[in-house]
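Report on the following structure.
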Amino acid sequence: MFEEILQTNTNFIIILRKLSSERGITVQQALILMHVTSGGISMSNLAMELGLDPSTITRNIEKLECKQLIFRQRCTIDSRRVNIYKSKNGQRIGNSIEQDANKILVRLSNRPNTLKNLLQKFNWNLTKRNAKND
(Lines of atoms letter the chains of each structure in order from A and count residues from 1; the text may use other names and numbers.)
(Lines give C-alpha, C1' and ligand atoms only; values in the text may rest on other atoms or scores of the structure.)
Protein backbone atom coordinates (compact mmCIF):
# COMPACT_ATOMS: atom_id res chain seq x y z
CA MET A 1 0.00 0.00 0.00
CA PHE A 2 2.88 2.36 0.78
CA GLU A 3 4.28 1.96 -2.74
CA GLU A 4 0.90 2.76 -4.30
CA ILE A 5 0.48 5.90 -2.22
CA LEU A 6 4.04 7.00 -2.97
CA GLN A 7 3.57 6.43 -6.71
CA THR A 8 0.20 8.24 -6.65
CA ASN A 9 1.82 11.19 -4.89
CA THR A 10 4.67 11.25 -7.42
CA ASN A 11 2.27 11.16 -10.37
CA PHE A 12 0.15 13.92 -8.86
CA ILE A 13 3.23 16.10 -8.31
CA ILE A 14 4.13 15.60 -11.99
CA ILE A 15 0.65 16.84 -12.99
CA LEU A 16 0.87 19.75 -10.55
CA ARG A 17 4.38 20.67 -11.78
CA LYS A 18 3.10 20.93 -15.37
CA LEU A 19 0.06 23.01 -14.39
CA SER A 20 2.20 25.27 -12.18
CA SER A 21 4.93 25.82 -14.75
CA GLU A 22 2.31 26.83 -17.33
CA ARG A 23 1.46 29.66 -14.95
CA GLY A 24 5.05 30.63 -14.14
CA ILE A 25 5.23 29.25 -10.59
CA THR A 26 6.76 26.22 -8.87
CA VAL A 27 4.91 23.27 -7.35
CA GLN A 28 5.63 24.55 -3.83
CA GLN A 29 4.32 28.00 -4.75
CA ALA A 30 1.16 26.41 -6.20
CA LEU A 31 0.63 24.41 -3.01
CA ILE A 32 1.02 27.59 -0.98
CA LEU A 33 -1.54 29.40 -3.14
CA MET A 34 -4.01 26.55 -2.75
CA HIS A 35 -3.58 26.43 1.05
CA VAL A 36 -4.10 30.15 1.61
CA THR A 37 -7.80 30.59 2.31
CA SER A 38 -9.83 33.76 1.83
CA GLY A 39 -9.48 34.40 5.58
CA GLY A 40 -5.70 34.26 5.35
CA ILE A 41 -3.27 32.04 7.21
CA SER A 42 -0.23 32.60 9.38
CA MET A 43 3.14 31.56 8.01
CA SER A 44 3.67 29.10 10.87
CA ASN A 45 0.29 27.42 10.26
CA LEU A 46 1.02 27.29 6.54
CA ALA A 47 4.39 25.62 7.19
CA MET A 48 2.72 23.11 9.51
CA GLU A 49 -0.11 22.31 7.04
CA LEU A 50 2.30 21.79 4.16
CA GLY A 51 4.94 19.99 6.22
CA LEU A 52 7.62 22.43 5.05
CA ASP A 53 10.32 24.27 6.95
CA PRO A 54 9.45 27.88 7.83
CA SER A 55 12.51 29.04 5.83
CA THR A 56 11.14 27.30 2.71
CA ILE A 57 7.77 28.98 3.24
CA THR A 58 9.41 32.39 3.72
CA ARG A 59 11.47 32.07 0.53
CA ASN A 60 8.43 31.05 -1.52
CA ILE A 61 6.22 33.73 0.05
CA GLU A 62 8.77 36.37 -0.98
CA LYS A 63 8.75 35.07 -4.57
CA LEU A 64 4.94 35.01 -4.66
CA GLU A 65 4.87 38.57 -3.29
CA CYS A 66 7.21 39.70 -6.09
CA LYS A 67 4.78 38.16 -8.58
CA GLN A 68 1.95 39.97 -6.75
CA LEU A 69 0.09 36.71 -6.12
CA ILE A 70 -0.03 37.09 -2.35
CA PHE A 71 0.43 39.79 0.25
CA ARG A 72 1.18 39.92 3.96
CA GLN A 73 -0.93 41.79 6.48
CA ARG A 74 -0.36 42.21 10.20
CA CYS A 75 -3.12 40.68 12.33
CA THR A 76 -5.36 43.32 13.91
CA ILE A 77 -5.87 41.23 17.07
CA ASP A 78 -2.23 40.22 17.60
CA SER A 79 0.20 42.64 15.97
CA ARG A 80 3.06 40.12 16.30
CA ARG A 81 1.28 37.80 13.88
CA VAL A 82 1.46 38.29 10.12
CA ASN A 83 -1.11 36.59 7.91
CA ILE A 84 -0.79 35.70 4.25
CA TYR A 85 -3.59 36.47 1.78
CA LYS A 86 -4.04 35.81 -1.93
CA SER A 87 -4.32 38.73 -4.30
CA LYS A 88 -7.05 38.61 -6.95
CA ASN A 89 -4.50 37.29 -9.44
CA GLY A 90 -3.30 34.75 -6.86
CA GLN A 91 -6.89 33.57 -6.39
CA ARG A 92 -7.33 33.27 -10.14
CA ILE A 93 -4.14 31.25 -10.62
CA GLY A 94 -4.74 29.02 -7.58
CA ASN A 95 -8.32 28.32 -8.67
CA SER A 96 -7.32 27.59 -12.26
CA ILE A 97 -4.64 25.09 -11.17
CA GLU A 98 -7.12 23.36 -8.87
CA GLN A 99 -9.83 23.25 -11.56
CA ASP A 100 -7.46 21.89 -14.21
CA ALA A 101 -6.10 19.26 -11.79
CA ASN A 102 -9.65 18.21 -10.89
CA LYS A 103 -10.57 17.85 -14.57
CA ILE A 104 -7.59 15.55 -15.12
CA LEU A 105 -8.31 13.48 -12.00
CA VAL A 106 -12.03 13.09 -12.75
CA ARG A 107 -11.20 11.77 -16.23
CA LEU A 108 -8.90 9.15 -14.69
CA SER A 109 -11.57 7.56 -12.48
CA ASN A 110 -14.80 5.88 -13.51
CA ARG A 111 -16.20 6.66 -10.04
CA PRO A 112 -14.74 10.02 -8.98
CA ASN A 113 -17.18 10.59 -6.09
CA THR A 114 -16.39 7.19 -4.55
CA LEU A 115 -12.67 7.86 -4.88
CA LYS A 116 -13.08 11.33 -3.35
CA ASN A 117 -14.98 9.90 -0.36
CA LEU A 118 -12.33 7.22 0.22
CA LEU A 119 -9.54 9.80 0.03
CA GLN A 120 -11.36 12.10 2.47
CA LYS A 121 -11.75 9.27 5.00
CA PHE A 122 -8.14 8.18 4.53
CA ASN A 123 -6.84 11.74 4.95
CA TRP A 124 -9.03 12.29 8.01
CA ASN A 125 -7.56 9.16 9.63
CA LEU A 126 -4.01 10.29 8.75
CA THR A 127 -4.70 13.74 10.20
CA LYS A 128 -5.99 12.23 13.46
CA ARG A 129 -2.99 9.91 13.68
CA ASN A 130 -0.54 12.76 13.04
CA ALA A 131 -2.25 14.95 15.66
CA LYS A 132 -1.85 12.19 18.26
CA ASN A 133 1.85 11.83 17.50
CA ASP A 134 2.70 15.54 17.78
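Count along the sequence shown from 1, then add 24; that gives the number in the numbering used here.
By construction, the Cβ of each residue, glycine as well, lies at the ideal position given by its N, Cα and C atoms.
In this text, all values refer to a predicted model and were calculated from it rather than measured experimentally.
- Message: Could you check whether residue 107 and residue 97 sit closer than 8 Å to each other, using their CB atoms as the reference points?
- Response: Against the sequence shown, residue 97 aligns to sequence position 73. Against the sequence shown, residue 107 aligns to sequence position 83. In this structure, residue 107 lies closer than 8 Å to residue 97 by Cβ.
- Query: Closest to residue 43 by CA distance: which of 141, 126 and 146 is it?
  - Reply: On the sequence shown, position 19 is the one that residue 43 refers to. If we check each option's Cα against that of residue 43, 126 comes out closest.
- Task: Identify every residue that forms a DSSP beta bridge with residue 107.
- Result: As a position in the sequence shown, residue 107 is number 83, starting the count at 1. Answer is 66 and 97, bridged to residue 107.
- Beta-carbon proximity of residue 51 to residue 110, cut-off 8 Å: Taking the sequence shown and counting its residues from 1, one reaches residue 51 at position 27. Taking the sequence shown and counting its residues from 1, one reaches residue 110 at position 86. Against a cut-off of 8 Å, the Cβ pair of residue 110 and residue 51 comes out as no contact.
- Message: Please tell me whether residue 121 and residue 54 are closer than 8 Å, where the distance is taken between their beta carbons.
- Response: Working through the sequence shown from its first residue, we reach residue 121 at position 97. Working through the sequence shown from its first residue, we reach residue 54 at position 30. When the beta-carbon positions are compared, residue 121 and residue 54 come within less than 8 Å of each other.
- Between residue 57 and residue 117, is the Cβ-Cβ spacing less than 8 Å? The sequence position of residue 57 within the sequence shown is 33, counting from 1. The sequence position of residue 117 within the sequence shown is 93, counting from 1. In this structure, residue 57 sits near residue 117, with a CB-CB distance shorter than 8 Å.
- Task: Inspect the beta-carbon positions of residue 133 and residue 105 and report whether they are closer than 8 Å.
- Result: For the purposes of this step, residue 133 is taken as residue 109 along the sequence shown, with counting starting at 1. For the purposes of this step, residue 105 is taken as residue 81 along the sequence shown, with counting starting at 1. Taking 8 Å as the Cβ cut-off, residue 133 and residue 105 do not qualify as a contacting pair.
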